[in-house]
Amino acid sequence: MVILEARNIKKYYSDRLIIEIDEIKIHSGDKIGIVGQNGSGKTTLLNILSKDIDTDQGFVKHYCDVSYIRQFSSEAIEATPKSLKEFGLNNKIHQDVFSGGEKTRIKIANALSNENVLLFADEPTSNLDFRGIELLKQKLSAEDTFLLISHDRSLLDSLCNKILEIKEGKIKIYNGNYSFYKEQIQMESQRAELEYEKYIANRSNLEEAILDRRAKSKSIRKTPKRMGNSEARLHKRSSTEIQQKLNNAVNSMKTRLEKLEVKEKPRGTSKIKLDFSLTNPPENKIVISGEKLNFSYGNNLIFEDASFKVYNGYKTAVWGENGAGKTTLLSLICKGLSDSIYIVPKAELGYFRQEFENLDNTKSILENVMSDSIQTLSTARTILARLFFTGDTVYKKVEVFSGGEKIKVSFAKLFVSDANILVLDEPTNYLDM
Numbered sequence: 048m049v050i051l052e053a054r055n056i057k058k059y060y061s062d063r064l065i066i067e068i069d070e071i072k073i074h075s076g077d078k079i080g081i082v083g084q085n086g087s088g089k090t091t092l093l094n095i096l097s098k099d100i101d102t103d104q105g106f107v108k109h110y111c112d113v114s115y116i117r118q119f120s121s122e123a124i125e126a127t128p129k130s131l132k133e134f135g136l137n138n139k140i141h142q143d144v145f146s147g148g149e150k151t152r153i154k155i156a157n158a159l160s161n162e163n164v165l166l167f168a169d170e171p172t173s174n175l176d177f178r179g180i181e182l183l184k185q186k187l188s189a190e191d192t193f194l195l196i197s198h199d200r201s202l203l204d205s206l207c208n209k210i211l212e213i214k215e216g217k218i219k220i221y222n223g224n225y226s227f228y229k230e231q232i233q234m235e236s237q238r239a240e241l242e243y244e245k246y247i248a249n250r251s252n253l254e255e256a257i258l259d260r261r262a263k264s265k266s267i268r269k270t271p272k273r274m275g276n277s278e279a280r281l282h283k284r285s286s287t288e289i290q291q292k293l294n295n296a297v298n299s300m301k302t303r304l305e306k307l308e309v310k311e312k313p314r315g316t317s318k319i320k321l322d323f324s325l326t327n328p329p330e331n332k333i334v335i336s337g338e339k340l341n342f343s344y345g346n347n348l349i350f351e352d353a354s355f356k357v358y359n360g361y362k363t364a365v366w367g368e369n370g371a372g373k374t375t376l377l378s379l380i381c382k383g384l385s386d387s388i389y390i391v392p393k394a395e396l397g398y399f400r401q402e403f404e405n406l407d408n409t410k411s412i413l414e415n416v417m418s419d420s421i422q423t424l425s426t427a428r429t430i431l432a433r434l435f436f437t438g439d440t441v442y443k444k445v446e447v448f449s450g451g452e453k454i455k456v457s458f459a460k461l462f463v464s465d466a467n468i469l470v471l472d473e474p475t476n477y478l479d480m
């Protein structure tokens, strides 16, 4: 049974066509994973299908109620007591400050409390701890129909029976989970490569044959002056016939060349390249440490007499359940908010923040990146290009970009700074595969 349909959809941002859909129908029982590179229009698609934003052309029809777990939204707790208990929020109703994971839990609990037929979910695992992801997986598996944007491959594999790919504004739907989709994509890519190679070979053969026939036509000897009249006539007639055959062959091959179906060269996916060789790290054995750290939000105790050490050269993971204080700890370290935390003098911290607080949405990508840069403009442009921000794109305001693209801008901002220690709070949120 069709529960949502959309036709002749077009959506522009300025002069850029983001989404173009001839037709899409969602049937009861469809569990669709939406994939595509950052900035391809995944969130825009969900916002169109949910009627959150208007299209420039076409229509969307709902034949059921829709719930939506949105990527960026601050929501008050409106969930049922049952949902609040399941997501560990029943004792946080009167809490004023929430962690990123707790905010995500609130959005999920609110959406699932509605018990609507169709669920939209845009990166619902962002900031969730491992327990939250497992609980979300259980809840989604019990849903009848959903559209899910996620970069969590295991989630797409275990839950989805269809994959919707957005590429260059167009959509294509594949039956099966993410792994099967990847196999199909690989086969399509190999087939496109073979077809392109065959096209290039055929075109080259025809072009070489045309040049060869033309050269032979020009090389036909003129009638020698020593020949008699009868011999000269025979020679001329024979030469004309040969030349005509060569010209006919050339024209035939030119026609075949013109009718040859053109195959575009398949586009490869560029690799992002990063260079940290310009950093000047401290030489101390321990670069950050905390002794007898205490911190609380009102009556909510986060740290009590806590101690830790961060060793030079180590890649240290901060692990804990939602609300345990992971982001709080990083904030205390990077903002210098506690006398109990010591950072060696030579350390320069590059702080990647969960909610993009280091970006100014009203300024362009280039202005954001250059605001604290110690690198040249040319170097910054090179790094942005490696992150797929090329040409005039760097002059667009940050506010028009997707979550994944904003993360890449945050990366670029760190890479051109003088940071020699990176402090990263959920850096993979919203990133494509």
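For the sequence shown, our numbering gives the first residue as 48, with consecutive numbering after it.
Yeah, the Cβ is synthetic: ideal placement off N, Cα and C, and Gly gets one too.
- For the stretch 380-428, the continuous alpha helix (DSSP H) assignments of 4+ residues that do not extend past its boundaries occur at 412-417, in sequence order.
- DSSP places D204 inside the alpha helix (DSSP H), whose first and last residues are 200-206.
- Using a Cβ distance threshold of 7 Å, I412 and V447 do not count as a contacting pair.
- The way I'd put it, the stretch 372-392 doesn't touch the stretch 428-444; fewer than three beta-carbon pairs between them come closer than 8 Å.
- Considering only A364, F167, L340, the residue with the shortest C-alpha distance to A353 is L340.
- Ranked by Cα distance from E122, the options T409, T151, G80, D191 are led by T151.
- For R54, there is no enclosing alpha helix (DSSP H); the residue is part of the beta strand (DSSP E) that begins and ends at 49-60.
- In chain order, D479 place their CB closer than 6 Å to the CB of Q84, counting only its own chain and leaving out the 5 sequence neighbours on each side.
- If you check the CB distance, D77 and T192 come in under 7 Å.
- Pairing V164 with C111 gives a Cβ-Cβ distance under 7 Å.
- The secondary-structure analysis by DSSP pairs F106 across a beta bridge with R54.
- If you look at E70, you'll find it in the beta strand (DSSP E) that goes 63-74.
- The distance from the Cβ of K393 to that of P329 is about 4 Å, consistent with a contact at the 8 Å cut-off.
- The C-beta distance from P313 to A239 rounds to 4 Å, short enough to fall under 8 Å.
- Out of E52, D103, N224, the CA that lies nearest to the CA of R200 is found in N224.
- A distance below 6 Å between beta-carbons, with the five flanking residues on each side excluded, links T102 to the following residues of its chain, in chain order: I56, K58, I95.
- Spanning the alpha carbons of E212 and K89 requires a straight line of approximately 9 Å.
- Close CB contacts of L51 within its chain, under the 6 Å cut and outside five residues either way in sequence, are with I73, H109 (chain order).
- Approximately 30 Å separates the beta-carbon atoms of G147 and Q422; this is outside 8 Å, ruling out the contact.
- By the 16-neighbour rule on beta-carbons within 10 angstroms, V309 is exposed.
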